[in-house]
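Chains as they are written, first to last, in numbering that gives the first Met the number 0: chain A, 0 to 309; chain B, 0 to 309; chain C, 0 to 309; chain D, 0 to 309. Encoded as structure tokens, the structure appears first; notes follow it.
4 protein chains.
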Amino acid sequence: MESLSRIVADIAAEMAAAPDRGTPAQYIPPLAAVDPAHFGIAITLADGSEYAAGDADLPFSIQSVSKVFALTQALGAVGDQLWQRVGREPSGSAFNSIVQLETEHGIPRNPFVNAGAIVVDDVLLGRGAPREVIGEMLRFVRGLAGDEAIHVDETVARAEQDTGFRNFALAQYMRAFGNLHRPAEEVLGVYFHQCAIAMSCRQLARAGRFLMAGGVQPDTGLSIVSPRRARRINALMLTCGHYDGSGEFAFRVGLPGKSGVGGGILAVAPGIASIAVWSPGLNERGNSQLGTLALERLVHHTGWSIFDPR
Amino acid sequence: MESLSRIVADIAAEMAAAPDRGTPAQYIPPLAAVDPAHFGIAITLADGSEYAAGDADLPFSIQSVSKVFALTQALGAVGDQLWQRVGREPSGSAFNSIVQLETEHGIPRNPFVNAGAIVVDDVLLGRGAPREVIGEMLRFVRGLAGDEAIHVDETVARAEQDTGFRNFALAQYMRAFGNLHRPAEEVLGVYFHQCAIAMSCRQLARAGRFLMAGGVQPDTGLSIVSPRRARRINALMLTCGHYDGSGEFAFRVGLPGKSGVGGGILAVAPGIASIAVWSPGLNERGNSQLGTLALERLVHHTGWSIFDPR
Amino acid sequence: MESLSRIVADIAAEMAAAPDRGTPAQYIPPLAAVDPAHFGIAITLADGSEYAAGDADLPFSIQSVSKVFALTQALGAVGDQLWQRVGREPSGSAFNSIVQLETEHGIPRNPFVNAGAIVVDDVLLGRGAPREVIGEMLRFVRGLAGDEAIHVDETVARAEQDTGFRNFALAQYMRAFGNLHRPAEEVLGVYFHQCAIAMSCRQLARAGRFLMAGGVQPDTGLSIVSPRRARRINALMLTCGHYDGSGEFAFRVGLPGKSGVGGGILAVAPGIASIAVWSPGLNERGNSQLGTLALERLVHHTGWSIFDPR
Amino acid sequence: MESLSRIVADIAAEMAAAPDRGTPAQYIPPLAAVDPAHFGIAITLADGSEYAAGDADLPFSIQSVSKVFALTQALGAVGDQLWQRVGREPSGSAFNSIVQLETEHGIPRNPFVNAGAIVVDDVLLGRGAPREVIGEMLRFVRGLAGDEAIHVDETVARAEQDTGFRNFALAQYMRAFGNLHRPAEEVLGVYFHQCAIAMSCRQLARAGRFLMAGGVQPDTGLSIVSPRRARRINALMLTCGHYDGSGEFAFRVGLPGKSGVGGGILAVAPGIASIAVWSPGLNERGNSQLGTLALERLVHHTGWSIFDPR
């Protein structure tokens, strides 16, 4: 597809020159140190063809994008029982808000806010020790991406551990309500390592293919999740994937997507494409400023919005 | 399409026999009096063909479904300036919550919670007197549905006026913040009449066709809104159309939809179908119990979810 | 008492020269127009002697100070049944906050926040028409102060009516919960007139005598309320009389007191004195800046704090 | 004083027979195990005379009553600088609520809610290691009570450590806002030990004498705090000493008081008496059911309310 190459290249050029790039996350020192000049984009189509531009092969900290993979694993482990401990509604609040936990008795609104992802990790710890859970998650992501080089950036993991007071508060608070079964330190050990997984746009786009393809990994034909589960994860990404900026992302981009404070976004055009963008500068809601803009441009040129006529 | 007839008939049969039907809205007497045994469904496809079953031709009070039409008109009137006075994020709160208005200085979260729809009506009143605004809205809906018989149920309008204390509170509160320009009584006069519009499933499905068809009314070829605006209204319906049950609706059904406490839901499968269902009993979030279930069944059988591969 | 004359004169002199006077309430035009240079103080001792200085005889809008008199009347009318409809706890919120009403089902935290005072007026309307209720309240206050000249400033009452959108919102909201029995317009008619009562410091200090004297009006010997009720009203003034600045007032001044946005404060030293101060400029919590400071000075010089050894 | 002996004995007899005794705190196992049949009362008058009845010499866990002593020490250490990190307003919320911390950027409402007491302990840790801080606090309380037998119940301290997830959450949350300078584990080590101090009513009443006597310990003549500071601590106890039941306690009892979930209450009648009551059963706000009732009876018979004429 000649034109998609062109579209992707044009977007990368526009983003390289964009003056307003947002600000990298400041509260995790290794993230604050990343050069905001970076921009990368990678697209994997249903037929396996790939399109990439900019820093598409530079690894970055995927942070909360990892919540998609953790959720997928937890649903595999306990199925719909998970929903007894986590909701499925947009929170209308910031990613690290604790207010709703108090009025809603320790049940997080959805698996993509921090509190929800912490519960997801607690579920995963029902299957093994922290080290094993992280190992298994890494194997899962490597398998999805078909790339054994994917790893955890220990510097980032340690920095999160040292500064993650709000996450400790969330975990302890849920433990008070009985919605965390393991000690906070243990669960957050998994959480911080999961957030510190480093991937490039190309790797991330490949890892997201099963969500575009009804749960099947296109190249291997392996069924990762059922079609119904793939659809539902996409729905959650659409309504909850960008915290209190989810409505805006749906309005502007119109694709299921999950952002991370490292500046990455994984987006899914069901049946068509798995897309990863990365630019470290964030907007005021904590989502990648240029990543969002790049996806908006992409959808404008391709008509891939799920809200457009097929 | 033989099989769609069958699907629709099967759904109507299943819903007729469903034991758990929810409870009709109790706080508006004429709505409380509606027989919960009703169920209707109507589908209009992109090619103009229609499929209907159950009480598809019985008019009911569309209530908040009308917010879609009012929003469309307000965007036509003032364009994206509207978003200076109304947000685009799911609220995470009940349809009539007033809490966020206090912390967010009178700006409602989105145009589909009551407060947001009241601001939308205030915008429409910039163009004429209440009577004219209601008249124009009725003409608009009649034009969309191609049916001059659509009318306002004055009994319902009066009952809302008599019991709508929370709506008065919302309006007065926004007026205190300067986000309501006309007197509350005047704006709510429009609001209560708009909610009291009575339509059948068939009429409603027809009225929603422009949202499935990129903004164009299929039979007349008239452009109601631009493709971009149609897509964006769909996005808002998906993230905000069912109040604090929007995430659940996206998860289970996976279509942009807008519900009303009269038990109606308008849902859109972009490029494929405009769908209306009606059953008066509501679930605990105030959305039609059987209407939601019927749409879940429909999507299961047709694969129309926007989160499925195309 | 020679020295009290001196203390009062010194305070008035200090306040006349104070540079930081706060800002008069801006949202009610006739209040915004009052000269912030004013300061008055009047003290009535248990023996009937009076001490005054500054603008002690200039009438001002008592605003929320009137809530003390309305509460006294409502307790006289329905007794402790009142507490089924109003709480007795500090709100921790601004005087006109609506948030707690939502989570607490329309029951205001206490009778001294706006919502609580509106319920109190609704109770009084159980005994007569709005005009009569206002008439009776005026007679009550005139009797307490021994001064028939006390009146309602109709200009202020009308201005409140025109700008009191938040109060309308509070009233309508409580009506939605069934905690307002009369139409909002009727109840607020009483409320706005009550707030618009104009009194001088001297009149106000006299009117508060029954609260210092165990419920008895010292000069007439009439029992206005029982000793127990007087004590309890004092307790409510201490914990709730200055909205979300009540803790600060108790900390700095240490007397039961009720403030109004007109800049007046009525304070009570049980067994010793009834005190009224007035200065139109408000601090950031909506309480008189210099009025509070003057009372702090007074208590410092007299040792009248209820938290000091007797 | 013959009659006070009689009053105290009568109260103890009435409380021994009271049918509705509330429920001991359930979330700390050693507290849950305490027999709800206990009731004790002890009063120390300004002249040093003591009146006691019931289980007045049985030690119990003073829990949050210790916050009064910790606050006194912290004010001694850093003076009014403390108020840059803790507010002075009633919270209107439960003792362990975290909601206000989010909107108020990690500054607790007052030093008597858990979050505030944790900050107070963090301040004390500016002067020494945890072990020393606890040692000094114990020495302080022993000195106030004139009783070297007072000790920390290590079983209780350990149980709090094991179950205090909400306190960990509060501490971590404030650390995220920079309002906790030491690690949460360290600060809570102090906090849990302080709460686990065991004292009898007689010891507690003696320890509170400086608050009734303008800051001076009556038997030794030592100045513990200035008269102004004593008055202000009393004011804080009145407005904030019973969490979201503070208004009710002021309304019914009318004395500055601080309660603990162990069922103890320390109350102060300035210039007259220091009073301690204990009964393990709590009311729905977490304050001693019979302790409150006993104080209400006491004030009724003695006229000691600070809201009564002197």
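All C-beta atoms, glycine included, are put in the ideal place defined by N, C-alpha and C. Computed from a predicted structure; not experimentally measured.
Interface flag, residue i vs chain A, CB-CB below 8 Å
i         : result
Ala24(D)  : no
Glu101(D) : yes
Asn286(B) : no
Pro18(B)  : no
Which listed residue (the options) has its alpha carbon closest to that of residue i
i         : options                                    : result
Met173(A) : Asp56(D), Ala175(D), Arg165(D), Leu179(D)  : Arg165(D)
Ala229(A) : Ala275(A), Leu124(A), Asn286(A), Gly78(A)  : Gly78(A)
Ser199(A) : Leu265(A), Pro107(A), Tyr242(A), Pro35(A)  : Leu265(A)
Ala14(A)  : Thr154(A), Glu295(A), Ala175(A), Ser63(A)  : Here residue 14(A) is Met; the residue named in the question, Ala, does not match the sequence. That would be Glu295(A), whose Cα lies nearest to the Cα of Met14(A).
Thr301(D) : His192(D), Ile274(D), Pro129(D), Gly285(D) : Ile274(D)
Glu103(C) : Val98(B), Thr102(B), Pro107(B)             : Val98(B)
Arg5(A)   : Ser92(A), Glu49(A), Pro28(A)               : Glu49(A)
Gly86(A)  : His299(B), Gly246(B), Val267(B)            : Gly246(B)
Leu187(A) : Gly163(A), Gly290(A), Gly75(A)             : Gly163(A)
Phe176(D) : Pro226(D), Ala114(D), Phe209(D), Val140(D) : Ala114(D)
Gly145(A) : Ala32(A), Arg208(A), Asp46(A), Glu101(A)   : Arg208(A)
Val276(C) : Ala24(C), Leu57(C), Ser2(C)                : Leu57(C)
Met333(B) : Lys66(B), His299(B), Ala31(B), Pro35(B)    : Any question about residue 333(B) goes unanswered here, given that chain B covers just 0 to 309.
Glu153(C) : Glu184(C), Arg126(C), Ile196(C)            : Ile196(C)
is_contact[residue i, chain B] using C-beta, thresh 8 Å
i         : result
Ile97(C)  : yes
Asp79(A)  : no
Asn233(A) : yes
Pair within 8 Å by beta-carbon distance, residue i and residue j
i         : j         : result
Ala170(D) : Leu179(D) : yes
Leu235(D) : Ile305(D) : no
Phe94(D)  : Tyr242(D) : yes
Ile42(B)  : Ile10(B)  : no
Met211(A) : Gly261(A) : no
Val189(A) : Leu124(A) : yes
Val33(A)  : Pro23(A)  : yes
Pro110(D) : Pro89(C)  : no
Pro217(A) : Gly47(A)  : yes
Gly263(A) : Phe59(A)  : yes
As assigned by DSSP and simplified to three states, the class of residue i
i         : result
Glu49(A)  : strand
Leu70(D)  : helix
His150(A) : strand
Ala114(A) : helix
Leu123(C) : helix
Thr102(B) : helix
Phe139(C) : helix
Gly21(D)  : coil
Ala8(B)   : helix
Thr238(D) : helix
Leu57(C)  : coil
Ala128(B) : coil
Gly134(A) : helix
Leu294(A) : helix
Chain D within 8 Å of residue i, Cβ atoms only
i         : result
Leu44(C)  : no
Ile305(C) : yes
Neighbour flag for residue i against chain C, beta carbons, 8 Å
i         : result
Ser54(D)  : For the sequence presented, residue 54(D) should be read as Asp rather than Ser. Chain C contact via Cβ: absent.
Gly142(D) : no
Arg296(D) : no
**Asked** Which residues, in chain order, does the stretch 147-175 of chain B contribute to contact with chain C at a C-beta distance below 9 Å?
**Response** Thr162, Gly163, Phe164, Arg165, Asn166, Phe167, Ala168, Leu169, Ala170, Gln171, Tyr172, Met173, Arg174, Ala175
**Request:** With 8 Å as the C-beta to C-beta threshold (strictly closer), list the residues of the stretch 202-223 of chain A near chain B in chain order.
**Result:** Met211, Ala212, Gly213
**Message:** Closer than 7 Å between beta carbons: that is the criterion. Which residues of the stretch 239-270 of chain B meet it against chain A?
**Reply:** Cys239, Asp243, Ser245, Gly246, Glu247, Ala249, Phe250, Gly253, Pro255, Pro269, Gly270
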